[in-house]
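Residue numbers (the UniProt record's numbering): 1 to 337. Here is the structure we will look at, set down as structure tokens.
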Amino acid sequence: MLKTFARTTTPILAAAKKETAAAVKTIFKAANVPIEWEQLDVTGYTQEGDLLFKQSVDSLRRNKVALKGILYTPISKLGHQSFNVTLRKDLDIYASLVIVKNIKGYPTRHDNVDFAIIRENTEGEYSGLEHQSFPGVVESLKIVTKSKTERIARFAFDFALKNGRKKVTCVHKANIMKLGDGLFLNTCREIAEDYKSSGIEFNDMIVDNCSMQLVSKPQQFDVMVMPNLYGNIVSNVGAALVGGAGIIPGANIGREFALFEPGCRHVGKDIQGHNTANPTALLLSGVMMLRHLSLGDHANRINNAVYQTIQRGSAKTPDMGGTSTTTDFTLAVISNL
């Protein structure tokens, strides 16, 4: 229950990252954030998880806001739709927002990287419409609609306006998928006309060229908007540019619900239970959640503490080139509050 808002938020935790969820709760408590957690531990790949997932959806319907770990989706389980996809589609959480930004004290190949990836969350290749029409032949449908493209394009331009961003880039493959991606691109162009007077530049880029440009000159990007699958891939490329999956925050926004989670959806099953996971991505996602809830002072305090911890190098988890544990990092952040 959020004491100031008389409702609860729910962290839905992936099994591989319970340590990071504990870190968030500990730091939020130390920062006197007015939140009471309704916690559900969801793995995403057990029968018990199916029930817990339904309980988690019910909780999100009640509370409207959630902080979530990364849910594992098995590759080989036929007929099993991704819990992540189901959650976004059922609750119409249509916009994925991932912030890719350098953090001082964590040197990477590229400096001055600061862009946002905005991804349509509810259709495209992730519509879940595929079937085997004949043994050895699978048909998979990609859905693109003008109405949902308009919605995500406006979200991207509105985000740019509210955050002082100057350019929106539409990422697509309209040279090959002339109808589906063509509709996405042309709709983005139409929406761009409505924002011309605001001074926001618009351009477009084919997704394969975009991948090359990201790793050669990422500073050229500001706000990127794209269909579902491309956004998933580009978010992972973006994470690699600034230090990896452990530091990239993300949000999923709909008209009624908001779900905050790490922006690079790496499950981390290999480090489960080792107390070595980097909690930065989930912490900064929590900061985004606090701003969404108009708890800006608490958000800024935690955000600054995380950045100071990394900048000073007082605690570095293995993915950051150090030997600190999740607990060490948590205590270092608290000391910087």
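Think of the CB as a built atom: it goes at the ideal place given N, C-alpha and C, for glycine as much as any other residue.
Delimiting residues of the beta strand (DSSP E) encompassing residue i
i              : result
methionine 226 : 223-226
threonine 169  : 167-172
serine 324     : Per DSSP, serine 324 belongs to no beta strand (DSSP E) and is neither H nor E.
glutamate 139  : 137-140
Candidates the options: closest to residue i by CA position
i                 : options                       : result
glutamate 123     : Gly250, Phe28, Leu229, Met289 : Leu229
asparagine 209    : Gly199, Glu201, Phe221        : Phe221
asparagine 300    : Val33, Arg151, Trp37          : Val33
phenylalanine 115 : Leu214, Thr145, Pro107        : Leu214
asparagine 175    : Thr169, Ala21, Val207, Lys196 : Val207
arginine 61       : Glu36, Leu71, Arg88           : Arg88
methionine 289    : Gly182, Phe260, Arg312        : Phe260
valine 144        : Pro227, Ile334, Thr86         : Pro227
asparagine 84     : Met212, Pro262, Lys25         : Pro262
asparagine 112    : Gly246, Ile310, Lys217, Glu19 : Lys217
arginine 109      : Leu141, Asp204, Gly244, Ala21 : Gly244
valine 242        : Trp37, Gly69, Phe202, Val98   : Val98
Boundaries of the alpha helix (DSSP H) in which residue i is found, first to last residue
i              : result
threonine 309  : 296-312
methionine 289 : 280-292
glutamate 19   : 18-30
threonine 149  : 146-162
Proximal residues to residue i (C-beta, below 7 Å), its chain only, five neighbours per side dropped
i              : result
serine 198     : Leu161
isoleucine 152 : Tyr94, Ala95, Ile118, Glu120, Val225
glutamate 139  : Glu130, His131, Ser133
Cβ neighbours of residue i in the same chain (closer than 8 Å, five flanking residues each side left out)
i               : result
leucine 337     : Ile27, Ala30, Ala31, Arg301, Ile302, Ala305
phenylalanine 5 : Note that phenylalanine 5 scores a pLDDT of 34, beneath 50, so its modelled location is shaky; the value from the coordinates is reported in the next line. Taken in chain order, the residues that qualify are Leu293.
arginine 291    : Ala299
lysine 148      : Tyr94, Glu120, Thr122, Glu123
glutamine 308   : Asn336
Residue i at chain B interface by Cβ criterion, 8 Å
i             : result
glutamate 130 : Among the protein chains of the structure shown there is no chain B, as only one such chain exists.
Residues near residue i in its chain [Cβ-Cβ closer than 6 Å; skip 5 each side]
i              : result
asparagine 236 : Cys264
alanine 23     : Pro279, Thr326, Thr330
Would you say the stretch 127-136 touches the stretch 161-172, given that touching needs at least three Cβ pairs under 8 Å?
-> Flag = no, the stretch 127-136 and the stretch 161-172 do not touch.
Segments of 4+ residues assigned as alpha helix (DSSP H) that fall wholly inside the stretch 175-258 = 180-194, 207-216, 228-242
Write down every uninterrupted run of the alpha helix (DSSP H) in the stretch 53-134 whose length is 4 residues or greater and which is fully enclosed by it, in chain order.
-> 83-90
Between the stretch 90-110 and the stretch 292-299, are three or more C-beta pairs nearer than 8 Å?
-> no
Quick one: any contact between the stretch 135-144 and the stretch 239-256, if contact means 3 or more CB pairs under 8 Å?
-> no
Does the count of Cβ pairs from the stretch 179-194 and the stretch 141-160 closer than 8 Å reach three?
-> Enough Cβ pairs lie closer than 8 Å, so yes.
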